[in-house]
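With the UniProt record's numbering, letter number 47 in the sequence shown gets 47, and the count goes up by one each step, no holes.
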Amino acid sequence: MEPESSDEERWLVIGGRRWRRTDPALPDDVVARLRSHLGRGRAGVRTATRSGDEAAVAAARHRVNLAKHALGERGPKWWESDERARLERAHAGLAQLDALDAPDAGARVSEGGTPDAGAPASGDAHAPGPDGPAVP
């Protein structure tokens with residue numbers, strides 16, 4: 001049986017509002033990857049909202065929601081599940097988020113409609129070719 005977590009471990013209070021904390025059982029590398037997806041989703045919401053692209057807003061909000069669930073900040077309370085189930089939830093969410101970045105027609109595009117960081121723009125002279133990295 002796992003030790004009980006305190007309210008301070010479960011909740012963060014900002015401006016009088018209570019926010020659920022990230023599941024402390026998650027490995028640091030998983031949390032870092034999930035937070036990266038969360039940040040990209042939030043940026044996508046901002047960009048898509050400014051451009052008025054409702055489909056892109058919905059896609060970006062979906063990314064945010066997947067990341068928040070995987071971090072344990074939404075959905076079932078992490079302290080009510082065993083650690084194995086919590087890790088499975090995080091890894092499943094991460095797999096779904098990574099799948100959103102899977103190459104589609106040779107270019108990755110974020111929810112905001114701009115190329116993702118790390119995805120070469122078409123015509124990039126330094127983009128890796130089919131035989132490996134290009135030489136500058």
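Don't be surprised by glycine CBs; every beta carbon is placed ideally from N, CA and C. Predicted model, so just to flag it, every value in this text is computed and none were measured.
{"Check": "Every unbroken alpha helix (DSSP H) inside the region 23-64 [4 residues or more]", "Outcome": "28-51"}
{"Check": "Exposure label - D82; buried when at least 16 CB within 10 Å", "Outcome": "exposed"}
{"Check": "Exposed unless 16 or more other CB atoms sit within 10 angstroms - verdict on R18", "Outcome": "exposed"}
{"Check": "Residue range of the alpha helix (DSSP H) that includes R10", "Outcome": "D7 to R10"}
{"Check": "Residue nearest to E80 in terms of C-alpha spacing, selected from G16, R40, D23 and A55", "Outcome": "D23"}
{"Check": "Continuous beta strand (DSSP E) stretch holding R17: start and end", "Outcome": "R17 to R20"}
{"Check": "Contact under 8 Å by Cβ, A70 with A48", "Outcome": "no"}
{"Check": "Residue interval of the alpha helix (DSSP H) (run including A95)", "Outcome": "E83 to L100"}
{"Check": "Counted within 10 angstroms of its Cβ, other Cβ atoms place L34 as buried (16 or more) or exposed", "Outcome": "buried"}
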